[in-house]
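Participant:
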Amino acid sequence: MTIAQYNKLSKEEQFEQHIKKLLNNICFENDKGEIINLKTDSKTIFQELNKIGIETENKTIDELFDILVLKSNNLKDYYNPDFQKTNNKFLFFRKHISFLVLYLVNNDVKKLPEKYKSEIKTFLNYLELLEI
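Residues are numbered in the working numbering as their position in the sequence shown, beginning at 1, plus a constant of 2.
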């Protein structure tokens, strides 16, 4: 979409385009060069989690999230070239799970536990604007 086309949109349509762009930018490229995003199927998501050392079998959403937080907080080798790539994966999966939980509570932000809210705060701020 060109700038001229964007400018012709209503404020609501511009806002919607911005949210879509925001959601599409939550992604990472795996070792096969595939883009993993919020729309990626669960089988692939589980495979990617397993690749970074997160066992998914018989784990609840809360358990997976807590493991991701713990592992991402324990990343210490900032000078390792793979640090940023690994850190981005952890951040992606934390956001992915947070959006999943938001979906499971029928997009009711009031029911969303605080630990998930902090991961998708920017998106939730946009939701607040929609409700006004």
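Backbone N, C-alpha and C define an ideal beta-carbon position, used for all residues, glycine too.
Between the beta-carbon of Thr-124 and the beta-carbon of Leu-24, is there less than 8 Å?
Facilitator: yes
Participant: Quick test of the definition: if touching needs 3 or more C-beta pairs under 8 Å, does the stretch 4 to 23 touch the stretch 62 to 75?
Facilitator: These segments do not touch.
Participant: On the DSSP bridge list, what partners appear for Glu-31?
Facilitator: Ile-37
Participant: Between the alpha carbons of Tyr-118 and Lys-112, how many angstroms are there, rounded?
Facilitator: 12 Å
Participant: What's the C-alpha gap between Lys-41 and Val-107?
Facilitator: Straight through space, the alpha carbons of Val-107 and Lys-41 are spaced by roughly 18 Å.
Participant: Enumerate in chain order the residues of its own chain whose CB-to-CB distance from Ile-56 is below 8 Å, with the five nearest sequence positions on each side excluded.
Facilitator: Leu-66, Ile-69, Leu-70, Lys-73 and Phe-95
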